[in-house]
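Keeping their order, the protein sequence lines are chains A and B.
Under my numbering, the first residue of the first sequence carries the number 6, and numbering increases by one thereafter.
Under my numbering, the first residue of the second sequence carries the number 3, and numbering increases by one thereafter.
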Amino acid sequence: MTRVSASAFWSYWMRNPWQLAMLLAGLALSTALWSGVQAINAEARASYASAADVLDAGDVARVLKSDGSSFTVEDYVALRRLGWLVSPVLEGETELDGHRFRIVGIEPLTFPAALPERLQEGDGLVDMVGARPVVLAHPDDVTLLTLTDMQVRADRTRPRGNLLMDIAAADRLLASQGEIRRLLLNPQKPINQKPLPRDFRVARTDVQADVARLTQSFHLNLTAFGLLSFAVGIFIVYGAVGLAFEQRRSMFRTLRALGISLRTLVIMLALELSVFAGLAGLAGVGLGYVIAAALLPDVAATLRGLYGADVAGQLQLRTSWWLSGMAMAFGGTAVAACAAIYKLARMPVLSFNHPRAMRIGTSRAARGLAITAVGLFALGIGIQTVASGLLAGFALLACLLVGAAFALPWLLDRALCLAQGQSRSALVQWFWADSRQQLPGLSMALMALLLAMAANIGVSTMVSSFRLTFTDYLDQRLSSEIYLSATTTEEAQEITAFLRDRVDAILPIMSAQSRVGGLPAEVYGIIDHSTYRTNWPLIDAEPDVWDALAAGDGALVNEQLARRQGWTLGDTLPSGDRLLGIYSDYGNAVGQIILSADVFVQRYPEADRLRFGLRTNAAAEITEALNTAFDLNEDQVVNQSELKAFSLQVFERTFAVTGALNILTLSVAGLAIFISLLTLATMRLPQLAPVWALGLTRAALSRLELLRAICLAAMTTALALPVGLILAWVLLAIVNVEAFGWRLPMYVFPIDYMRLTVLALIAALLAALWPAIRLARTDTQSLLKVFSNER
Amino acid sequence: MLLQVSNLAKSYGSAGTAVEVLRDVNLSLAAAETLALEGESGSGKSTILHLVAGLDKTSGGSIILDGAELAKMRDAERAALRRSTVGIIFQQFNLIPSLTARANIDFHAKLGGRHDPDWAQLLAERIGLAEHLDKYPEALSGGQQQRVAIARTLAARPKLILADEPTGNLDEETADNVLKLMLESAEQAGAAVLMVTHSPRQAARMSRRMVLSRGVLRERSETATE
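Below, the structure written as C-alpha cells:
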C-alpha cells in the first residue's frame, strides 16, 4: 500500500518537474547562502583561536601585510635586513594517521616569547630541533598519532586537532605546502631599524587579544545577512510546498477515499519533504562552500583592514558547518511545510478544489498574515522600547522584514481590488481580477522579491550614506598635505628643524596604547593648531573645547568609545580628564582619546615622537626637498591623497561582502518569480481559454501575462521602498551604533532606487518571458481541450 | 447566407499518421436559423464548431462567415470576428472564475464594443439571476452558470451562436428551461444558432437537424418526436 501511495505522490512531481526544481532550488540556495556565511564565520573564528593559541604565549606584537596576503620567505628576509626582529609562524593542514590536523610551526631561536612549558622539558631546544623533534598535542590527539620520527608530548593547553612544533618539522609534515601566516615581532628594537615598508604594518598584542571580541559585531552582521538570504529562500520553499499541496488536494482526497489513513498520508508527506531536504541540503552546503570560497578573500581583507584580525584566505572543510547547513535545510523545510502538513491533517475528505475557492481561502490567509504583520510591527517596536543592544536591533529588523513580507499579499490584493474597481474596460477589469486570482501562487515569490528589494535598498542606503559621510570625514581628518615618519628621534629633530621655515605648520602625531573598560584604546597627543580647530569632525563639544584642550583641562574621545562607555560631555574619564568633546571616527574599531601634546608627553614620556603631519601649499616641492636632504624612502613621506585612497579602498572592501550577498538574494528572488510563473503557467489554461475563445489572441494574452508580472513586481517594489528606507534607518541609527559604535547621518539616493527598480522590473520581465512565450506558442488543441468533455 | 461551409476537411497529425476527423462537410445557415448537429461521441461535431468559430484551422475546404473567408484570415482577424460576430457557449469551463456573474455577462459585449447596459440587465432578469449578479461563478449552480454563459453570449448580440452541448451537464428539466431561454432570446436578438447535441429531444426543438457520422455530415430528414 505504501509503495502504491508513494508512486502516486511521486507521479505528481514527475508531471510538475518545474515545481520540484523550484522546491529544491529554493532550499539549496537558501542553505547555500546560510552555510556559506557560516563557513566564513567558522574559518575566521578558527583563525582567531589559532592565533590566540600561539600569541597567548607572551606579549607578542606582529607584523601584518597591508593587503592581507600571506608572507613569502623574501618578505621575512627583507624585514630582518631592515632591522625588524620578526619570527615566522608556518601554518597549514594535513592528514596524519587518518585524522586532519592543523600544524603550527614556530622558529624557537627567534620566537619572541617564552616557549610553552612542555617544549622546554628535557633538553629543550635540542629536543625540539633534534633528529626526533618534539611535537606538542592535546592529550586526546596523542593517542591518535603514531609518528615514529617525532616525540609526541601531551599538552593540555593545546586545542584539539592542533600540533605545535619546530618550523622545519612543520615544513616537512606539510610537504612545503604550508604558508607563513604570521611574523611575530620581538619587542626589542635595534638602533639601526629602518621604517617598515608601506606594504606592512604592526599590530599590537592588546588589539590582537581582543580580536574575537572586536569582530563579533562584524560576524553577527554577516550572520544576519545569511539569515535574511535563508529566509528569502525559505519563502520560495513555503510557496512550492503550499502550491504542491493545493494541487494535490484532489489526489489526497482520492487516496483517502481509497482507504489510506490520514496518518499514513501525513507521514508520507513528511518523509517526502525530508528526502527533498536531504538532497537539497547536501547540494546547498556544497554550493555554500563555493560561495564562501569566493567571498572569503574579501572578508579576510576586511577583517585585516578594519580590525587587524588575521584570517586564513583558504577555506577548510569543517564538520560543524556541514552539520549546521544540513540542520538549517531540515529545519527550514519543516517550517515551510508545517502549514501544508497541518492543512492535510485537518482536510475533510470531501473538500472542494476550485481556483477561486482556493483564492478565497488564501484571501482569508492573507488577512490573517496581515494581522500577524501588525502584531510583528508592534512586537518590534516593543522590543526596541524595552531592550537595547545588537540582538534587540536585529530583532527589530526581523520583525520589520517578516512583518512587511506578511503584509504584502493583503496589500497587493487590496491594491488590485481598487484597480479593478476603477477600471471601465472589460479587458482591464479582467486583467486586474485575473491578477488577483494569481496572487496566491505568486505571493511567496513576491514576498521574496520584497525582502530582497528592501534589503538592497536598506543596505545600499546605509553604504552610500556611509560612503558620503566617510569621504567628507576623511577630508576633515586627513587635512595635512603630507604625512611624515622619521626612523629615529635624531632624524625627527633634524627634519623638523629643516622644515620649520619651509612649511606652514608641523603637527606632531604622538600616540600610545592604553586600555579603557577592558578593551584596547589609543591615546593621541596634539598641539593647539587651527587645522584641528577648523577641520576636526566634532559631533558634540563644549563651547571652548579647543582652548580647554590646549590648557590641558580635559580630553576628546571618539564616538565609539563614548557610546561604549556611556560617556557624555563633562563626565570625568578614568584617567581623571574631563570629557570636552566627542568626534566621529568611522572605520576604526578601537577607542581613541586625544589629549593636549603637553599632557600626553607628561603621561607617556617613552612614546615615539617620530610622525608628523605637514601643512603646506607646496606639497610636491616639500616632498622633493625632504627626499633630497634626508634620503628618505617613499614609505616615510606619504601624500594625503594616497592615504585617502587607501582608506577608501579598505572601506569599499568592507562592504563588498554585503553587496555580493545582496545581489545573490535578489537573484534568488528573481529565480523564485521565474519558477512560480512557470509553475502557474501549467494551471493557467483553464483560466485563459475562455478569454481566448471570446476573442483575444494568444499573443495578446501572453503580452498581458508579461504586463501582469511587471505590474506585480512594480507594486512590490513600491512597497519595498519604504520598508527599505526604514531598514536603512534601523541599520544606521540602531544596528551600526550597537555594532560599531558610531551613528551616521542618513541620506536618500533616488537615482539608485530608480536604477534598482528598473533592475527588478527587468528581472520580473525576464522571469515572465519564457512562460509568456510558451503561452503565445500554445497550440490551439491544448486550449480547445479545456472545453472538451474528455478533459 | 450567414454561414457557408463547403467541402470542409480536418485531420490531425502528420502525413503518415494523420487521422481524418472531417471530410467533405457542407452546410449553410441563414440568419436567425437554428440548426442541430447530432452524432456519436468523437464524430467531430465539436470540431466543426471550433472551425466555424475560428478557434482551429481547417485542413481543406472553406468557411465563409458573414461574408468573410476564415481560411484567409490571420489569428488576430479571427479573434476580432469572435468578438464581433460569434458567440460561443460551451458545456463547461464557460465562465471566467475571477469575474462576478454581472462582469461575466458584460465581458464579451464590452470586448466587442457593443455593450448595452439596458439589454444586459433585461437578459439578466430574463434568465432569472438578477439577484445573483454579484456572485462569483463558484457560488452558482451548474444551471445558473450556464444561464450566465447564455446571457453573456446574447449580451454581445452575435449574429451566430455556437453552442457545444450547452445543456449536457444539466438535468432534464433545467436543460429544457435553459434551451428554451436560449432559443427565445436568440430569436428576439435575430441570431442564428448552431448547436451540437446528443439529445434528440433537444435537437427536435431546432428548425433543422444534421447528423455527423464517420466524418460525413448529412441532413436528417425525419422529424424527431419528443
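Just so you know, even glycine gets a beta-carbon here, dropped at the ideal spot from N, CA and C.
Legend entry - Cβ-Cβ distance between F617(A) and I514(A) below 8 angstroms: yes
Inset, instruction - Can you pull the chain B residues whose beta carbon is under 7 angstroms from the beta carbon of R441(A), in chain order? - result: S100
Inset, instruction - Closer than 8 angstroms by beta-carbon distance: list the chain A residues that pair up with D166(B), in chain order. - result: F792
Legend entry - Candidates A136(A), I680(A), L483(A), P113(A), of which the one nearest A773(A) by Cα: I680(A)
Legend entry - Closer than 8 angstroms at the beta carbon, the chain B residues around T702(A): D77, A78, A81
Inset, instruction - May I ask you to list, following chain order, the residues of the region 766-786 of chain A that have a beta carbon less than 7 angstroms from some beta carbon of chain B? - result: T785
Legend entry - Any 3 or more C-beta pairs closer than 8 angstroms across the region 523-531 of chain A and the region 642-655 of chain A: no
Legend entry - Endpoints, alpha helix (DSSP H) assigned at P99(B): Careful: P99(B) lies outside any alpha helix (DSSP H) and carries neither H nor E.
Legend entry - Length of the line joining the Cα atoms of E3(B) and A206(B): Just to set this straight, residue 3(B) is Met in the shown sequence, not Glu. So the two alpha carbons sit approximately 23 angstroms from each other.
Legend entry - Proximity of Q43(A) and P99(B) at Cβ, strictly below 8 angstroms: no
Inset, instruction - Would you please verify whether the beta carbon of I90(B) is less than 8 angstroms from any beta carbon of chain A? - result: yes
Inset, instruction - State buried or exposed for S329(A), treating a residue as buried only when at least 16 other CB atoms are found within 10 Å of its CB. - result: buried
Inset, instruction - Quick one: using the 10 Å Cβ neighbour count with 16 as the cut-off for buried, is E802(A) buried or exposed? - result: No statement about residue 802(A) is possible, as the shown extent of chain A runs from 6 to 796 and does not include it.
Legend entry - Counterpart residues of L29(B) in DSSP-defined beta bridges: V7(B)
Legend entry - Proximity winner among T501(A), S40(A), L766(A), relative to I627(A) (alpha-carbon distances): T501(A)
Inset, instruction - Note down, one range per segment and in chain order, each alpha helix (DSSP H) of at least 4 residues found wholly within the region 470-554 of chain A. - result: 494-504, 535-540
Inset, instruction - Compute the Euclidean distance between the alpha carbons of A625(A) and P93(A), then round it to the nearest angstrom. - result: 38 angstroms
Inset, instruction - Can you say whether T148(A) is buried or exposed, counting buried as having 16 or more other CB atoms within 10 angstroms of its CB? - result: exposed
Inset, instruction - Starting from P93(A), follow the alpha helix (DSSP H) in both directions and report where the run begins and ends. - result: Run containing P93(A): none in the alpha helix (DSSP H); it sits in the beta strand (DSSP E), 91-101.
Inset, instruction - Would you kindly work out how many angstroms separate the C-alpha atoms of L726(A) and R163(A), rounded to a whole number? - result: 52 angstroms
Inset, instruction - Going by CA-CA distance only, name the one from I386(A), F436(A), G575(A) that's closest to Q692(A). - result: F436(A)
Legend entry - DSSP beta-bridge partners of Y14(B): V21(B)
Legend entry - E184(A): first and last residue of the uninterrupted beta strand (DSSP E) it sits in: 184-190
Legend entry - For Q565(A), the three-state DSSP class (helix, strand or coil): helix
Inset, instruction - Following the continuous beta strand (DSSP E) through G618(A), name the residue where it begins and the one where it ends. - result: 616-620
Inset, instruction - Pick out whichever of A612(A), G380(A), L421(A) has its Cα sitting closest to the Cα of T493(A). - result: A612(A)
Legend entry - Three-state class that DSSP yields for R176(B) in the structure shown: One point to set straight first is that residue 176(B) is Thr, not Arg, in the sequence displayed. It is helical.
Inset, instruction - Identify every run of the alpha helix (DSSP H) within the region 364-447 of chain A, keeping only runs that are complete inside it and at least 4 residues long; order them along the chain. - result: 395-427
Legend entry - Under 8 angstroms between C-beta atoms of A769(A) and I731(A): no
Inset, instruction - Spell out whether any CB of chain B is found under 8 angstroms from the CB atom of W15(A). - result: no
Inset, instruction - Could you spell out the range, first to last residue, of the alpha helix (DSSP H) harbouring G330(A)? - result: 324-351
Inset, instruction - In the DSSP assignment, find the unbroken beta strand (DSSP E) run with D171(A) in it and report its ends. - result: 167-171
Legend entry - Reduced DSSP secondary structure (H/G/I, E/B, other) of A556(A): coil
Legend entry - Opening and closing residue of the beta strand (DSSP E) in which F106(A) lies: 104-111
Legend entry - When A392(A), L413(A), A47(A) are compared against I376(A), the one with the closest alpha-carbon: L413(A)
Legend entry - Rounded separation between M133(A) and T324(A) - CA only: 32 angstroms
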